[in-house]
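Taken in sequence, the protein lines are chains U and G. Going by this note's numbering, the letters in the first sequence line up with residues 1 to 346, in that order. Going by this note's numbering, the letters in the second sequence line up with residues 1001 to 1346, in that order. Note that beta-carbon positions come from the ideal geometry of N, C-alpha and C, so glycine has one too. I have placed the structure first, in the form of structure tokens, so that the comments after it can refer back to it.
Number of protein chains: 2
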Amino acid sequence: MKFATLKNGSRDGALVLVSRDLQHCLPVPAIAVTLQAALDNWDALAPQLEHAYAALNAGQATGAQPFDETRCHSPLPRAYQWADGSAYINHVELVRKARNAEVPASFYTDPLMYQGGSDSFIGPRDPVFALSEEWGIDLEAEVAVITGDVAMGASIAEAASAIRLVMLVNDVSLRNLIPGELAKGFGFFQSKAASAFSPVAVTPDELGADWSDSKLHLPLLVELSGRPFGKPNAGEDMTFNFAQLVAHAAKTRELAAGTIVGSGTVSNKQGNLFGSSIENGGVGYCCLAEVRMYETIEHGAPKTPFLKFGDTVRIEMRDAQGTSIFGRIEQTVVNYAGADHGSRRG
Amino acid sequence: MKFATLKNGSRDGALVLVSRDLQHCLPVPAIAVTLQAALDNWDALAPQLEHAYAALNAGQATGAQPFDETRCHSPLPRAYQWADGSAYINHVELVRKARNAEVPASFYTDPLMYQGGSDSFIGPRDPVFALSEEWGIDLEAEVAVITGDVAMGASIAEAASAIRLVMLVNDVSLRNLIPGELAKGFGFFQSKAASAFSPVAVTPDELGADWSDSKLHLPLLVELSGRPFGKPNAGEDMTFNFAQLVAHAAKTRELAAGTIVGSGTVSNKQGNLFGSSIENGGVGYCCLAEVRMYETIEHGAPKTPFLKFGDTVRIEMRDAQGTSIFGRIEQTVVNYAGADHGSRRG
């Protein structure tokens, strides 16, 4: 199944089923008004949702309407948990190499994960707001899953079976604030802005063979201000799969339905190289910090600037036939001061 | 106004108004079904809630019933954000002194704050579940506020005016997991278990003169397994008040209604001492880590163990007349393995 949340002026928006080809959608208020409501009672509601989804794809659903990605909020406009891992160790290796430090051995067996803010995500076509370019605004293109309820101490197999939906993320990061925040020892807090998710979230079975071993084996496509920037395969060089990440999150506490767990910035190792640009024949990057680290390693200092007001970010994933699976995240960086902030509820 | 959430088998429970003396309560489904619903539309609903609250306190509310704290969930059984500060620098000074380290000067001007899990709080009378005593299970008795919507970059005055409710917290911490988690640089993640909040959350005006300068000027009463353990005044030695903490949380992103911001463990400095037990005439402690640090400073090593299965924690606050303001957090530490986990929804 594919799901989206249409803006309707409320904080949680309206749940719709989206056809496999992203051409049509179907409100399902008689089954679940919001995506959280569907997740809260998934086992009971999934059969009804499956039935409606089959009718939608067959062109036989009463009430179906054209699907317009630009009307979407993030699938969960607000969530009870957003826990983001850092599963692509190549990204961590690059960070360390750029400052001549070793990666601790434990990083290959014990995932990095931080608790992010989940009270007010931005929509996939909403502006990325910031009050200053000096914050070092960066994208982080990632894959994320939404879980059902998970018991404390769940096994990796139990965690795998709790994965309900898959989607894409732009985990907006404020790079110049990170060193100060991490030095305080309490995590990223002020250095992570509100994240945006893809218009559409899909059940793992929609992904067919591209979803295996709790990983999504397709290129993640990133454009910056209209130019190709990254296309690494999200299934490669992922040291911890989503089942491992969910189990890690649940080690000391239960996870409630609607918990979002992220992969961290997708990053491919590319043989002996730590990364290389699309222009140079590589798969490029999913964040600016990574190209800057690569520049630091090669040239002694970063050259590529962070995002400026007016820059745009596009994140998408296509199947083997070239069809968009999750719709497109497309955002412009905008100065929060003086901007219209109310549009996000739509 | 005073609010509580009664368990009713749902994930969010049922909102009730609670009389000032905590003797009666009144369901208000025609106004707001849940506390989150009231917070989502506070300005419009507050007058109706005030009207019902006045009738309840006058003994004239139709549908009023006896209030039973033991039926309560945390006021927000799940929330969209839980951001916990560390505003009592004495606590931080003790941590540092126990390991012969200095407190960075910036800690007196830049609050410490971490993002906590908010997807599944435990109720005020629910067990504190853990899978192992070896995790170093500790309480942290704190004060917390619930905010309305807060703009990015809000001033301290704007932050102060966004404080909707005040309550108490037991921020359960897993001390033996903290060093490993903090060493990874991504925050506390696995070292913070699910938190519990007091049965009742109150509007600041209920606190009269005890709420001033965005601080709560009353002793926070803590008992461990039936013995007095702490009674520090939450209004003393609070380096950052709640308005400053909320503004800190909002520096780089909006906060959505229902955001919970905590004070960190309450800790009084007591003259030249860093803390002293109630038995020795002091105001005692709000967490076991603090007495252990004090023991380390005095004797070279900690003596007091962390919580064991079967230990109980009580946290409460009384007004000048001795009346409980928020009801009582009272929890027993229980092994999650083999326990009945379903009771929490009631």
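Cβ-Cβ separation, residue j to residue i (assumed contact under 8 Å), whole Å
i                     : j                     : result
valine 128(U)         : valine 172(U)         : 5 Å
phenylalanine 1306(G) : alanine 1196(G)       : 17 Å between Cβ atoms; not a contact.
leucine 112(U)        : phenylalanine 1186(G) : 5 Å
valine 1166(G)        : valine 1246(G)        : Actually they are not in contact, since the Cβ atoms of valine 1166(G) and valine 1246(G) sit about 12 Å apart, beyond 8 Å.
glutamine 1036(G)     : glycine 1258(G)       : 5 Å
alanine 1193(G)       : leucine 1174(G)       : 6 Å
alanine 1064(G)       : leucine 1026(G)       : 5 Å
phenylalanine 1067(G) : serine 1019(G)        : 7 Å
phenylalanine 1309(G) : asparagine 1335(G)    : 5 Å
C-alpha gap between residue i and residue j, whole angstroms
i                  : j                     : result
aspartate 126(U)   : phenylalanine 229(U)  : 20 Å
leucine 1049(G)    : glutamate 133(U)      : 43 Å
alanine 234(U)     : glutamate 142(U)      : 8 Å
arginine 1253(G)   : glycine 1059(G)       : 43 Å
serine 1191(G)     : alanine 1130(G)       : 11 Å
leucine 1207(G)    : proline 1219(G)       : 13 Å
methionine 317(U)  : aspartate 1213(G)     : 51 Å
alanine 1162(G)    : alanine 1083(G)       : 15 Å
proline 179(U)     : histidine 1024(G)     : 51 Å
alanine 339(U)     : methionine 1152(G)    : 12 Å
isoleucine 1315(G) : glutamate 1158(G)     : 30 Å
glycine 426(U)     : leucine 22(U)         : Residue 426(U) lies beyond the stretch modelled for chain U, which goes from 1 to 346, so this question has no answer here.
valine 333(U)      : leucine 139(U)        : 10 Å
proline 1204(G)    : proline 124(U)        : 37 Å
proline 1029(G)    : arginine 96(U)        : 55 Å
isoleucine 278(U)  : valine 222(U)         : 11 Å
histidine 299(U)   : alanine 289(U)        : 15 Å
alanine 1337(G)    : proline 1302(G)       : 29 Å
glutamate 69(U)    : glutamine 331(U)      : 13 Å
glycine 1271(G)    : phenylalanine 1188(G) : 31 Å
isoleucine 156(U)  : glutamine 244(U)      : 6 Å
tyrosine 108(U)    : glutamate 181(U)      : 24 Å
glutamate 102(U)   : histidine 217(U)      : 29 Å
alanine 98(U)      : phenylalanine 274(U)  : 11 Å
proline 1104(G)    : arginine 71(U)        : 47 Å
alanine 1256(G)    : tyrosine 1114(G)      : 17 Å
glycine 226(U)     : asparagine 8(U)       : 30 Å
C-beta contact flag for residue i and residue j at 7 Å
i                    : j                     : result
glycine 136(U)       : asparagine 90(U)      : no
valine 283(U)        : proline 232(U)        : yes
alanine 79(U)        : isoleucine 260(U)     : yes
histidine 1073(G)    : threonine 1005(G)     : yes
glycine 1085(G)      : glycine 1264(G)       : yes
phenylalanine 326(U) : serine 198(U)         : yes
alanine 1201(G)      : phenylalanine 1003(G) : yes
leucine 1039(G)      : methionine 1293(G)    : no
alanine 1250(G)      : alanine 1183(G)       : no
valine 1266(G)       : cysteine 1286(G)      : yes
threonine 1239(G)    : alanine 1032(G)       : no
leucine 17(U)        : alanine 52(U)         : yes
glutamate 1237(G)    : asparagine 1268(G)    : Strictly speaking, residue 1237(G) in this sequence is aspartate, with glutamate absent from that position. It is a contact, given that the beta carbons lie within the stated cut-off.
threonine 34(U)      : leucine 56(U)         : no
Span of the beta strand (DSSP E) around residue i
i                  : result
methionine 293(U)  : Where methionine 293(U) is concerned, there is no enclosing beta strand (DSSP E), although the alpha helix (DSSP H) it sits in stretches over 288-299.
glutamine 115(U)   : 113-116
isoleucine 325(U)  : Counting along the chain, isoleucine 325(U) falls outside any beta strand (DSSP E), and DSSP gives it neither H nor E.
glutamate 1069(G)  : No beta strand (DSSP E) holds glutamate 1069(G); DSSP gives it neither H nor E.
alanine 1014(G)    : 1014-1018
phenylalanine 3(U) : 2-6
valine 246(U)      : Valine 246(U) -> not in any beta strand (DSSP E); alpha helix (DSSP H) instead, spanning 242-249.
valine 261(U)      : 260-262
threonine 1062(G)  : Here threonine 1062(G) belongs to no beta strand (DSSP E), and DSSP marks it neither H nor E.
isoleucine 1315(G) : 1312-1316
Span of the alpha helix (DSSP H), counted from its first residue to its last, around residue i
i                  : result
isoleucine 1031(G) : Element bounds for isoleucine 1031(G): n/a, residue is neither H nor E.
leucine 1307(G)    : Where leucine 1307(G) is concerned, there is no enclosing alpha helix (DSSP H), given that its DSSP letter is neither H nor E.
asparagine 1057(G) : 1042-1057
glutamate 1158(G)  : 1156-1161
Test: residue i CB closer than 7 Å to a CB of chain B
i                : result
tyrosine 1108(G) : Structure shown: chain B not included; protein chains present are U and G.
Unbroken stretches of the alpha helix (DSSP H), 4 residues or longer, contained in the region 86-154 of chain U | Inside the region 86-154 of chain U, DSSP marks whole alpha helix (DSSP H) runs of 4 or more residues at positions 89-98, from first to last along the chain.
Run through the region 1178-1229 of chain G for me and flag every whole beta strand (DSSP E) of 3 or more residues, listed as ranges in chain order.
-> As far as the region 1178-1229 of chain G is concerned, its whole beta strand (DSSP E) runs of at least 3 residues are 1221-1224.
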